[in-house]
Amino acid sequence: MFVRNRAPIIEGAKTLPDQRELVAAFGGHPPDPGPEHPLIPLARALAELHRKRHDDPLATAGIDCRRAELVSAIDTWVITRVPQRQSTAHIRAESIGATMDRMAAAYTHASHLLHTAEKVSDDRVHAAWYRLAQLADHWTDLIIGAAQDTSRPCRSA
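So for the sequence shown, our numbering puts the first residue at -19; every next one is plus one.
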């Protein structure tokens, strides 16, 4: 269903997984041969937690605590490995981990609607996939910013 391409958006810079890798992980698809990005298992785990949250509403508190732990682990990984520059601070108003969690929630919701709606043409199905596409575009903006930050030499004033 989704085409997966491991090529970096900006040559020489691959600091974060692209949207295709995340969507494939959310769907539980096996990774491409070769090394898997370290954030992909966490993305997979976030989507699984959103599925469990939907299936067992009584376990919401524990699931949300685990999601918060995963978001924190993602943010810690990003902080320690992706340069933080003022040029992209406005884009990163929300943490990378929180953005990934929102994408996992949107994917899980859209997939659930696709499999349970009477008609695939249902407006709710379209709206859910459109929302995921918006978040995927936002993710691409984030990783382009991160890639540009790592590819530009620092200038001294």
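Quick reminder that beta carbons are idealized off the backbone N, C-alpha and C, glycines included.
Original post:
Looking at C-alpha atoms only, which residue of A48, L38 and D12 is the closest neighbour of T79?
Top reply: A48
**OP:** Measure the beta-carbon distance from L112 to A90 and round it to whole angstroms, keeping in mind my assumption that it falls under 8 angstroms.
**Re:** 5 angstroms
Original post:
Per the contact definition of three or more C-beta pairs closer than 8 angstroms, is the segment 4 to 21 in contact with the segment 115 to 126?
Top reply: no
**OP:** Between the Cα of M83 and those of A116, E74 and T120, spot the shortest distance and give me the residue it belongs to.
**Re:** A116
**OP:** Would you mind working out which of V100, V105 and T88 sits nearest H34, comparing C-alpha positions?
**Re:** T88
Original post:
Where P10 and P21 are concerned, what is the direct C-alpha to C-alpha distance, given to the nearest angstrom?
Top reply: 11 angstroms
Subject >> Expected contact under 8 angstroms - CB spacing of A19 and L(-4) to nearest Å >> reply: In the sequence under discussion, the amino acid at residue 19 is Leu, which differs from the Ala named in the question. The Cβ separation is near 7 angstroms, so the contact holds.
Original post:
Three-state secondary structure (DSSP) at A39?
Top reply: helix
**OP:** Rank T60, D55, I43 and D102 by C-alpha distance to the C-alpha of E28 and give the top, closest one.
**Re:** I43
Original post:
Closest to R46 by CA distance: which of R104, K32 and I76 is it?
Top reply: K32
**OP:** Report yes if the C-beta distance between G77 and V100 is below 7 angstroms; otherwise report no.
**Re:** no
Original post:
Can you tell me where the alpha helix (DSSP H) with A97 in it begins and where it stops?
Top reply: Here A97 belongs to no alpha helix (DSSP H), and DSSP marks it neither H nor E.
Original post:
Who are the near neighbours of W109 in its chain, counting only those whose CB is closer than 8 angstroms to its CB and skipping five residues on each side?
Top reply: A90 and L94
Original post:
Buried or exposed: which applies to I59, given that a residue is buried once 16 or more other Cβ atoms fall within 10 Å of its Cβ?
Top reply: exposed
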